[in-house]
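Asker: The structure is given below, and queries will be raised subsequently.
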């Protein structure tokens, strides 16, 4: 039998390379349960609410997926969100620059900090955990410094539209989130950039031996993670109409949680964008549903923690782990 | 002219002379067993051939062209492939991804700025190369880590084959395999010879060496102490050379 004649087709490939079915099943079951418990849950406006609440964390989680797939970690993204939102607000509010500058400022702030992370990880050979933990503090401090610890309120209407607008009834952040997810899906699953990301996380030595530019790829990955933190900062700023230096605290943990629930291997080499989107939605649905049911917020945190641990445990049980 | 000619290859590390004037030739399509005790200089010698080390003295030529001073990339392009003991495979990626690691074929539908990996083509070509090798792999889409040691070895060999090598160097390919798997890998080596590819097999397992090699070269303390056709020697003689009792 020739190996080439095995079942193929885009649907097969999609199914094979994207999601652990468990997380999708969990999401569907969760949604079914919520819709039974609350008649309001399945309404279009509430589902859009779920997506809106998921958008910011979702964008961060997509960046985390790339970094974790390469066996790295980026703890600074929550702080970078706050930092970039302040930088954007300073540009348009304090300096009175035209509103598109606010977008550019957010994105550059996040990307530059991410670049710095990457250069420290690869150039100075400092573990990513330490570098990004340091950046978590540095970016948060810089954000507070830049605005004297006070949120900067009042942004141009065009900028606020990015967070509060609803073209065709869909909130702009949701459109941005889904757009980012669609591009990221293709990049991770179907380009060399994505393949190198996975291979570096899987076996860095093999990647090196086969001519993959490991160092520059890592720098690009942290820059990408920072860029997406800038996007999230932009969304947050536009939605709240403010540059808030305390924005995004602990978001890095939520983003990593979403990526892991979605099947990303914390030790690198495996992960998918669809999985991460599903993971982010599980967290979003859980929060939204428990809100609708008027369950105390404390239980939400516990529920998400339980789901995280259960997801990794299930993965552990299901996957045939070959002995190393 | 042989495929590979080594003449007086010498390599020193600080005060240690790891290789002391090693000379031998490898003919196209022959399988050479390179044996010797730990520290005899086998690995150092092969690193000189692949360009990882530069000999301090002597010369190495491939098809009459000197490769003594070339870097590993250039030597690889001339047709020398080395398969290391750890195989350099990404265990969570599938067979096709590993075979084309670092050289994934891409296409640009709709004039995209970034090429997308041409998955069907990659799988087709990976399957073809596995078929050509006669390796037994359950599917081209299995993560390599789920394959047995011998199957992983054949993926590494298949990947090396895609570089169209003239000479393949294998470092202990059977060291960690079950008996049946060893036979399969030895079959793969015979298949390479049939396709006209020369193989240098570094191995401690003399049974394997005797079963598959045309010639056996023994190194001891950086020197060739025996270079015999397999049919003209015996296991006892080779062991004696290796330990220096010959």
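Protein chains in written order, with my numbering: chain Y, 1 to 324; chain L, 1001 to 1246. The C-beta atom is built at its ideal place from N, Cα and C for all residues, glycine as well.
Mind checking the segment 1049–1072 of chain L against chain Y and listing, in chain order, the residues whose C-beta falls within less than 7 Å of any C-beta there?
Answerer: Hits within the stretch: zero.
Asker: In chain order, what residues of the same chain have a beta carbon less than 7 Å from the beta carbon of residue 246 (chain Y), not counting five sequence neighbours either side?
Answerer: Counting only Cβ-Cβ distances below 7 Å, and skipping sequence neighbours, we find 82.
Asker: Report the start-end ranges of each alpha helix (DSSP H) in the segment 139–220 of chain Y that is 4 residues or longer and not cut off at the edges.
Answerer: 157–164, 172–190, 192–202 and 204–209, all fully within the segment 139–220 of chain Y.
Asker: Of all the CB atoms in chain L, is at least one closer than 9 Å to the CB of residue 15 (chain Y)?
Answerer: In this prediction, residue 15 (chain Y) has a pLDDT of 45, which is less than 50 and means its spatial position is unreliable; what the coordinates show is noted afterwards. Answer no: the Cβ-Cβ gap between residue 15 (chain Y) and chain L never drops below 9 Å.
Asker: Taking only the alpha-carbon atoms, compute the straight-line gap between residue 307 (chain Y) and residue 279 (chain Y) and give it to the nearest angstrom.
Answerer: Distance between the alpha carbons of residue 307 (chain Y) and residue 279 (chain Y) is about 10 Å.
Asker: Can you tell which of Y:136, Y:145 and Y:209 has its C-alpha closest to the C-alpha of residue 250 (chain Y)?
Answerer: Out of Y:136, Y:145 and Y:209, Y:136 has the C-alpha closest to the C-alpha of residue 250 (chain Y).
Asker: Between which two residues does the alpha helix (DSSP H) containing residue 1193 (chain L) stretch?
Answerer: It spans 1179–1194 - the alpha helix (DSSP H) in which residue 1193 (chain L) sits, taken as one unbroken run.
Asker: For a test of the three-state rule: what should DSSP assign to residue 230 (chain Y), helix, strand or coil?
Answerer: DSSP places residue 230 (chain Y) in helix when its eight states are reduced to three.
Asker: For chain L, find out if any of its Cβ atoms is closer than 9 Å to the Cβ of residue 193 (chain Y); answer yes or no.
Answerer: By this cut-off, residue 193 (chain Y) is an interface position.
Asker: Please list, in chain order, all residues of the same chain as residue 1191 (chain L) whose beta carbon is under 8 Å from its beta carbon, the five residues on each side excluded.
Answerer: Hits under 8 Å: 1133 and 1134.
Asker: In whole angstroms, what separates the C-alpha of residue 1237 (chain L) from that of residue 1216 (chain L)?
Answerer: Straight-line Cα distance between these residues: approximately 11 Å.
Asker: Report the three-state DSSP secondary structure of residue 1027 (chain L) (helix, strand or coil).
Answerer: Of the three classes helix, strand and coil, the one that applies to residue 1027 (chain L) here is coil, per DSSP.
Asker: Closest to residue 173 (chain Y) by C-alpha separation, out of Y:270, Y:162, Y:261 and Y:192, would be which residue?
Answerer: Of the candidates Y:270, Y:162, Y:261 and Y:192, the one whose C-alpha sits nearest the C-alpha of residue 173 (chain Y) is Y:162.
Asker: Evaluate contact between the segment 112–128 of chain Y and the segment 210–223 of chain Y, counting only Cβ atoms and requiring at least three cross-stretch pairs below 8 Å.
Answerer: Segments in contact, yes.
Asker: Spatial neighbours of residue 1102 (chain L) within its chain, please: C-beta separation below 8 Å, excluding the five flanking residues on both sides.
Answerer: The answer is none, since no qualifying residue turns up.
Asker: Do the CB positions of residue 264 (chain Y) and residue 65 (chain Y) come within less than 9 Å of each other?
Answerer: Contact flag set, yes.
Asker: Check residue 67 (chain Y) in the structure and name its three-state DSSP category.
Answerer: Helix at residue 67 (chain Y).
Asker: So which of L:1204, L:1144 and L:1007 has the shortest CA-CA distance to residue 1092 (chain L)?
Answerer: Out of L:1204, L:1144 and L:1007, L:1144 has the C-alpha closest to the C-alpha of residue 1092 (chain L).
Asker: Can you give me the Cβ contacts of residue 1007 (chain L) inside the same chain, cut-off strictly under 6 Å, excluding the 5 residues immediately before and after it?
Answerer: Correct list, in chain order: 1023, 1058 and 1059.
Asker: Does the contact criterion of 3 or more C-beta pairs under 8 Å hold for the segment 1043–1051 of chain L versus the segment 1080–1091 of chain L?
Answerer: The segment 1043–1051 of chain L vs the segment 1080–1091 of chain L: in contact.
Asker: Cβ atoms of residue 229 (chain Y) and residue 114 (chain Y): under 9 Å apart, would you say?
Answerer: A contact, by the Cβ cut-off of 9 Å.
Asker: Would you verify that the beta carbon of residue 1151 (chain L) is, or is not, closer than 9 Å to some beta carbon of chain Y?
Answerer: Output row for residue 1151 (chain L): interface = no.
Asker: Going by alpha carbons, who is nearest to residue 206 (chain Y) out of L:1185, L:1211, L:1170 and L:1156?
Answerer: Closest option to residue 206 (chain Y), Cα to Cα, is L:1156.
Asker: Taking any Cβ of chain A, which residues in the segment 238–265 of chain Y have a Cβ under 8 Å from it, in chain order?
Answerer: The structure shown has no chain A; the protein chains it does contain are Y and L.
Asker: Are the segment 70–90 of chain Y and the segment 287–296 of chain Y touching, with three or more C-beta to C-beta distances below 8 Å?
Answerer: Contact fails: fewer than three Cβ-Cβ distances are below 8 Å.
Asker: When the distance is taken between beta carbons, is residue 93 (chain Y) closer than 9 Å to residue 155 (chain Y)?
Answerer: Contact flag set, yes.
Asker: Can you tell me whether residue 277 (chain Y) is buried or exposed? The criterion is at least 16 other CB atoms within 10 Å of its CB, across all chains shown.
Answerer: Residue 277 (chain Y) should be labelled buried.
Asker: So, is residue 212 (chain Y) buried or exposed, given that buried needs 16 or more other C-beta atoms within 10 angstroms?
Answerer: Buried.
Asker: Going by alpha carbons, who is nearest to residue 266 (chain Y) out of Y:24, Y:180 and Y:61?
Answerer: With distances taken between Cα atoms, residue 266 (chain Y) lies closest to Y:61.
Asker: At a Cβ threshold of 9 Å, is residue 190 (chain Y) touching chain L?
Answerer: Chain L contact via Cβ: present.
Asker: Report yes or no: is there a C-beta of chain Y within less than 9 Å of the C-beta of residue 1106 (chain L)?
Answerer: Residue 1106 (chain L) counts as touching chain Y.
Asker: Assess, as a yes-or-no matter, whether the segment 1174–1185 of chain L is touched by the segment 1199–1208 of chain L under the definition of 3 or more beta carbon pairs within less than 8 Å.
Answerer: Segments in contact, yes.
Asker: CA-CA distance, residue 6 (chain Y) and residue 275 (chain Y)?
Answerer: Caution is warranted here: a pLDDT of 43 is assigned to residue 6 (chain Y), below 50, making its placement in the model unreliable, and the coordinate value is therefore given only provisionally. Each residue's alpha carbon lies about 25 Å from the other.
Asker: Taking C-alpha atoms, which residue in Y:268, Y:255 and Y:196 lies nearest to residue 282 (chain Y)?
Answerer: Cα-wise, what sits closest to residue 282 (chain Y) is Y:255.
Asker: Output yes if chain L places a C-beta closer than 9 Å to the C-beta of residue 11 (chain Y); else output no.
Answerer: For residue 11 (chain Y), the pLDDT reaches just 49, beneath the cut-off of 50, and the residue's location in the model is therefore unreliable, although a value from the coordinates is still provided. By this cut-off, residue 11 (chain Y) is not an interface position.
Asker: In the DSSP assignment, what residue or residues form a beta bridge with residue 1143 (chain L)?
Answerer: DSSP, once it has assigned bridges, lists L:1094 as partnering residue 1143 (chain L).
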